[in-house]
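What follows is a single structure, written as structure tokens, with notes after it.
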């Protein structure tokens, strides 16, 4: 609360958590006992976003004048004593337009009420921008229970761990800079992201913090940052950075152990986060720990799996099959070794085919199956149905294209059907037809980021024969060239393409 005596004396972390602080130096006893980062006793330098029609505008007067704090509905006057003739001003940094990025001076804590209000306003706007990126309203309406729980708990968790707080503020700040075309805000946000990376390394070295729930929220936030704001044109670095966060998420899950994710909040983070490490495993074509039976059972102790949970159980086996194809695919099918390996790989693929068909039979009411096969855009009933359907199509594309490889069907094959199983081209074309839906403006960054992996795999397949699939490729090209298509997503997909070996 503003104006509570002694508030400014506690460490930054205790004030943020609204807990009593014992003022122990250099690290307070409360933080040390809980194994969390102690922010110390000096207020951080922060900045406040201020646009041309602000809800909040702050002006710090000189030492002999009151401090004025304005917003759209009220004006407050806070008396400020003269201390040694020093001045305290809110200094505007360089700005690319009428918007300003404001930096708080280090002695601003001499006006704790104003600092508290300014700090709260900054965090509110940054977190608001972050949540708009992380979970737009359209996504929240159709989001699973686990997803809603993760979104609702993030602000609370950010108050308990400095690394997560910095990651959220970094993403929110750069998001604000994109909304206002403010280069200085972008610079500050990227600097904060660098600090978040450093703080995350510290957290992982602290046993208590490394096993906390808050640490589980960091990789998805940082992965989203890399997709949206980590672009380096015509390089693989963006894809590699995203991949490192996904692999880091696997390491965090493994460090906790599967039994730890039977608890409510941890379970929600696990079921929401398992998809990214599986994408990374497919990308690197290395078997995943999530294909082990314990990872498919322990986190759901006393629970019923959703359709998405069971679909990802099937997906967990795909990287191992891809690894086998990569390792032995060059063998001649005429050799006994090659024939035996092809037979083994084919057997695994047929097993996945049977699992996928069983999943479809049980969950056919939850996904969309178009009647026509023409190169026309596909519309979905809602975002949840679209996401689940496209994940099913992506899994079909991966399984059946791998089975083609094991069966020595060449990449130049122009067929569109197989006698006894679905053809991978069928799924690639369906994904291409879905591009316009996921890139709708109403889905914000969530639509494109969720669609990037399916689209990347579909494009890799369709580019095998551009003439045969030109109608479907043109649908993607039309969406790609739309002025509303996020440049960040274009850069990320291009980075993924360049990173394919």
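Residue numbers (the numbering used here): 23 to 523. Virtual Cβ for every residue (Gly too), placed ideally from N, Cα, C.
Judged by beta-carbon spacing, residue 236 lies beyond the 8 Å limit of residue 191, meaning their Cβ atoms are not closer than that value. For residue 54, the enclosing alpha helix (DSSP H) stretches over residues 51-56.
Closest in C-alpha terms to residue 398, from the list 440, 434, 453, comes 453.
For the options 466, 228, 205, 177, the alpha carbon positioned closest to that of residue 55 is the one of 228.
For residue 336, the secondary structure class from DSSP, reduced to helix, strand or coil, is helix. Within a 10 Å sphere around the beta-carbon of residue 429 sit fewer than 16 other beta-carbons, which makes this residue exposed. Between residue 449 and residue 415, the C-beta spacing is below 8 Å. In summary, residue 184 is buried, with 16 or more beta-carbon neighbours lying within 10 Å of its beta-carbon over all protein chains present. Excluding residues up to 5 positions away in sequence, 301 lie with their Cβ nearer than 6 Å to the Cβ of residue 475 in the same chain. When the five nearest sequence neighbours on each side are left out, the beta carbons in the same chain lying within less than 8 Å of the beta carbon of residue 438 are those of 445, 447, 448, in order along the chain. The beta-carbon distance between residue 281 and residue 267, rounded to whole angstroms, is 24 Å. This is too long to meet the 8 Å contact definition. Our two residues, residue 424 and residue 217, have alpha carbons roughly 42 Å apart in a direct line.
For residue 396, the closest of 325, 59, 456, 212 by C-alpha to C-alpha distance is 456.
When the beta-carbon positions are compared, residue 344 and residue 296 stay at least 8 Å from each other. Assigned with DSSP and collapsed to three states, residue 252 falls in coil, not helix or strand. For residue 196, the uninterrupted alpha helix (DSSP H) segment begins and ends at 184-202. Here DSSP, grouped into helix, strand and coil, assigns residue 323 to coil.
For residue 465, there is no enclosing alpha helix (DSSP H), as DSSP gives it neither H nor E.
Secondary structure at residue 262: helix, using DSSP grouped into helix, strand and coil. Membership of residue 294 in the alpha helix (DSSP H) is indicated by the continuous run 286-295.
For residue 292, the closest of 309, 401, 305, 274 by C-alpha to C-alpha distance is 274. Looking at the backbone, the Cα of residue 283 and that of residue 318 are separated by about 11 Å.
A distance below 8 Å separates the beta carbons of residue 381 and residue 333. In summary, residue 468 is buried, with 16 or more beta-carbon neighbours lying within 10 Å of its beta-carbon over all protein chains present. Listed in chain order, the non-local C-beta contacts of residue 58 below 7 Å within the same chain comprise 35, 182, 183, 231, local neighbours out to five positions each way being set aside.
Residue nearest to residue 387 within the set 52, 373, 374, 408 is 408 (criterion: CA-CA distance). Of the residues 459, 486, 519, the one whose Cα lies closest to the Cα of residue 500 is 459.
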